[in-house]
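In this text, residue positions in the sequence shown follow the UniProt record's numbering: the first is 1, and each later residue adds one.
Below: one structure, written as structure tokens.
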Amino acid sequence: MEIEQLEKVASQVRRDIVRMVHGCQSGHPGGSLGCTELFVALYFERLMLNEQDGKPVFDMNGTGEDLFFLSNGHISPVWYSVLARKGYFPVPELATFRKLNSRLQGHPTTHEHLEGIRIASGSLGQGLSVALGAARAKKLNDDKGIVHVLMGDGEQQEGQVWEAVTFAPHHQVDNLIAFIDLNGQQIDGPTVKVMNNLDLGKKYEAFGWEVISIEEGNDMTAVLKGLYEAKSRLGHGRPIMVLLHTGMGFGVDFMMGSHKWHGVAPNDEQLAAALAQLEETMGDY
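Below is the structure:
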């Protein structure tokens, strides 16, 4: 897709996010809005997916295709929107987000059999370990698919992350691309005040990872360039870490840059103000 088309998809996804969270008065809009460009670029341009008649065909094993795992599962609204807009499940189902008997739980789960979801996530720190297992399985099966995983920057304070960080280069897991959403915010405040991560790039390099940085994580052109660079560096015995610099709440002016919108739903007036800033491009559900 052309950059302009991807940007239009991103605008619609942002509308979906704020409407979903508003509809149930619960959820996490800030990080979802900040990661929109990454999800759209992955699913509409970068990921190699199994498809039939132009629509994705989902199976849990993901044989012969690229895989994506969301470790910071609280930003499920952006993932659900992109999966629906890509064709994994009906777009109108987005209206059931976080409601009773919905497949679209606040944190992604697998027992609802929601297409596109392979693990339950949101208990922070686990996603990288799962992605490593999937990446090693693909190598054992001579499967050329690439495994991707997204983590939050606050999540880097979890000990299990660093066990996995040590494991990956030791076992030369070089079919893995990991991302950290560097928005500098977590539920209790700025990461530098809660538990300063200092220089994550140097830390990952010291553990044996190859690190690249996307300084403008809310610019579609920059994100695509970074994704193609990451792919080009695979296959040389080292996993790839992409430091994705994003803005919490990006696209909605009163949400941008504040940890207060980590897990707060907009009221009716705030929803109207947010939607006024986001073009409807694919039709609201």
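Every residue, glycine too, gets a C-beta built ideally from N, C-alpha and C.
Practice problem: Check whether the Cβ atoms of L227 and L182 sit closer than 8 Å, and answer yes or no. | Solution: When the beta-carbon positions are compared, L227 and L182 stay at least 8 Å from each other.
Quiz prompt | Residue nearest to T281 in terms of C-alpha spacing, selected from M1, L6, E2 | solution = Selected option, being the one with the closest Cα: L6.
Quiz item: Thinking just about the alpha-carbon of each residue, which of V173, R46, T166 is nearest to the one in M1?
Solution: Among V173, R46, T166, the Cα nearest to that of M1 belongs to R46.
Quiz item: Beta carbon of E155, beta carbon of N50: below 8 Å?
Solution: No.
Practice problem: Give a yes or no on whether the C-beta atoms belonging to L33 and G217 are separated by under 8 Å. | Solution: Their beta carbons are not under 8 Å apart, which means L33 does not touch G217 by this criterion.
Exercise. Taking 8 Å as the threshold, find out whether the stretch 178-195 comes into contact with the stretch 108-125 through three or more Cβ pairs.
Key: No, the stretch 178-195 does not touch the stretch 108-125.
Self-check item: Through-space distance from V78 to H262, alpha-carbon basis
Solution: CA-to-CA, the gap between H262 and V78 works out to about 13 Å.
Quiz item: Taking Cβ to Cβ, would you say I146 is nearer than 8 Å to I177?
Solution: Yes, the pair counts as a contact, with Cβ atoms nearer than the cut-off.
Quiz item: Cα separation between C24 and A120?
Solution: Using only the alpha carbons, I get a separation of about 21 Å.
Quiz item: Between A135 and V173, is the Cβ-Cβ spacing less than 8 Å?
Solution: The beta carbons of A135 and V173 sit closer together than 8 Å.
Quiz item: How many whole angstroms separate the CB atoms of V21 and P29, which I take to be in contact at a CB cut-off of 8 Å?
Solution: A Cβ-Cβ distance of about 5 Å is found for the pair V21 and P29, placing them in contact under the 8 Å criterion.
Quiz item: Looking at the unbroken alpha helix (DSSP H) that takes in G23, where does it start and where does it end?
Solution: First-last of the alpha helix (DSSP H) with G23: 3-24.
Quiz item: Among the residues of its own chain, which have a CB less than 6 Å from the CB of L114, if the five just before and after it don't count?
Solution: R103.
Quiz item: What are the boundary residues of the alpha helix (DSSP H) that includes L70?
Solution: Unbroken run through L70 is the beta strand (DSSP E), 67-70; no alpha helix (DSSP H).
Quiz item: Shortest alpha-carbon distance to K203 belongs to which of L224, Y88, M241, R233?
Solution: The residue among L224, Y88, M241, R233 with its C-alpha nearest the C-alpha of K203 is M241.
Quiz item: Taking all protein chains shown into account, do 16 or more other C-beta atoms lie within 10 angstroms of the C-beta of D143, making it buried, or fewer, making it exposed?
Solution: Burial call: buried.
Exercise. Determine the extent of the beta strand (DSSP E) in which H170 is found, giving its start and end residues.
Key: Segment 159-170 is the alpha helix (DSSP H) holding H170; no beta strand (DSSP E) there.
Practice problem: Would you kindly check if the distance between the Cβ of G208 and the Cβ of P169 is under 8 Å? | Solution: Yes, they are a contact pair.
Quiz prompt | Limits of the beta strand (DSSP E) - the one that D284 falls within | solution = Looking at the DSSP string, D284 is not in any beta strand (DSSP E), and its letter there is neither H nor E.
Quiz item: With a Cβ-Cβ cutoff of 8 Å, do S81 and V13 count as a contact?
Solution: Yes; because the gap between Cβ atoms is below 8 Å, this pair is in contact.
Quiz prompt | DSSP three-state assignment for A137, whether helix, strand or coil | solution = Reduced to three states, the DSSP call for A137 is helix.
Exercise. Report yes or no: do the stretch 50-60 and the stretch 83-95 share at least 3 C-beta pairs separated by less than 8 Å?
Key: Contact check between the stretch 50-60 and the stretch 83-95: three or more CB pairs, one atom from each, fall below 8 Å, which counts as touching.
Self-check item: alpha helix (DSSP H) segments (min. 4 residues) lying fully within the stretch 21-108
Solution: The stretch 21-108 contains these whole alpha helix (DSSP H) runs: 29-34, 36-41, 76-86.
Practice problem: Would you check if the distance between the CB atom of F69 and the CB atom of R118 is smaller than 8 Å? | Solution: Yes, the Cβ-Cβ distance between F69 and R118 is below 8 Å.
Quiz item: Straight-line CA distance for S129 to Q160?
Solution: Each residue's Cα considered, the two are about 8 Å apart.
Self-check item: Closest by C-alpha distance to K139, when choosing among M220, G152, S232, T63
Solution: For the residues M220, G152, S232, T63, the minimum Cα distance to K139 belongs to T63.
Quiz item: Leaving out the 5 sequence neighbours to the left and right, which residues in its chain are closer than 6 Å to A84 when beta-carbon positions are compared?
Solution: Only V91, L94 meet the Cβ criterion.
Quiz item: Near G127, what residues of its chain come up, given a Cβ to Cβ distance below 7 Å and the 5 sequence neighbours on each side ignored?
Solution: For G127, where only same-chain residues beyond five positions count, the Cβ hits under 7 Å are F69, L70, S71, S121, V149, M151.
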